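Residues 1 to 133 (our numbering) are what the sequence shown spells out, left to right. Backbone N, C-alpha and C define an ideal beta-carbon position, used for all residues, glycine too. The structure displayed is predicted, hence computed values, not measured ones.
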Amino acid sequence: MIERVLAQLERNPDRVRAVFELAAQTASVSAHLNELIWRFRNDLADELVRRLPARDPRDAEFTAALAAGIAMNIIETVVRTWVENPDGTQVNELARRAMTLLRGGGIPLPAAPMSGPSRRRVIGARENSSYGF
């Protein structure tokens with residue numbers, strides 16, 4: 001799916017770059033682009049729910065949402081990097097790099113589930129943050 005989306009974008013690189021440049025300059029275009037990305041993410045998650053075997057529908061929805069989020073983050077990061085570096089950077093090479101990092105453990109992720117005292121410290125720190133959550 002990632003390759004198909006990126007192949008579509010590569011067919012008209014000038015248009016894609018123009019949309020991203022306009023979004024960077026115009027709040028309403030940026031908001032519309034973000035809405036399209038969220039809608040695509042939700043549509044992808046819905047399709048994955050239909051395709052994932054699961055005994056518990058909540059498990060399928062959760063797994064599908066994570067998979068769609070990861071796929072869309074890869075696409076977004078690859079496209080933004082590609083748009084910002086028009087010097088011949090190949091979108092498919094960027095996507096391969098992203099997948100290699102994910103598969104090879106090059107992306108820092110928590111090593112174990114948070115529980116006990118360490119979790120309480122993080123939650124407490126968050127409660128004291130300026131974000132209020």
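The straight-line gap separating the alpha-carbon atoms of THR26 and ILE37 is approximately 17 angstroms. Ranked by how close their Cα comes to the Cα of THR63, the residues ASN73, VAL79, ASP46 have ASP46 in first place. In terms of CA proximity to ARG103, ILE70 leads the group ILE70, LEU6, ALA31, GLU10. In the three-state reduction of the DSSP assignment, LEU109 falls in the coil class. With contact defined as three or more Cβ pairs closer than 8 angstroms, the stretch 81 to 88 and the stretch 54 to 61 are not in contact. Annotation: ALA111 to LEU101 spans about 16 angstroms, alpha carbon to alpha carbon.
Residue nearest to VAL5 within the set ARG41, PRO86, LEU66 is ARG41 (criterion: CA-CA distance). In the three-state reduction of the DSSP assignment, ARG11 falls in the coil class, being assigned neither a helical nor a strand state.
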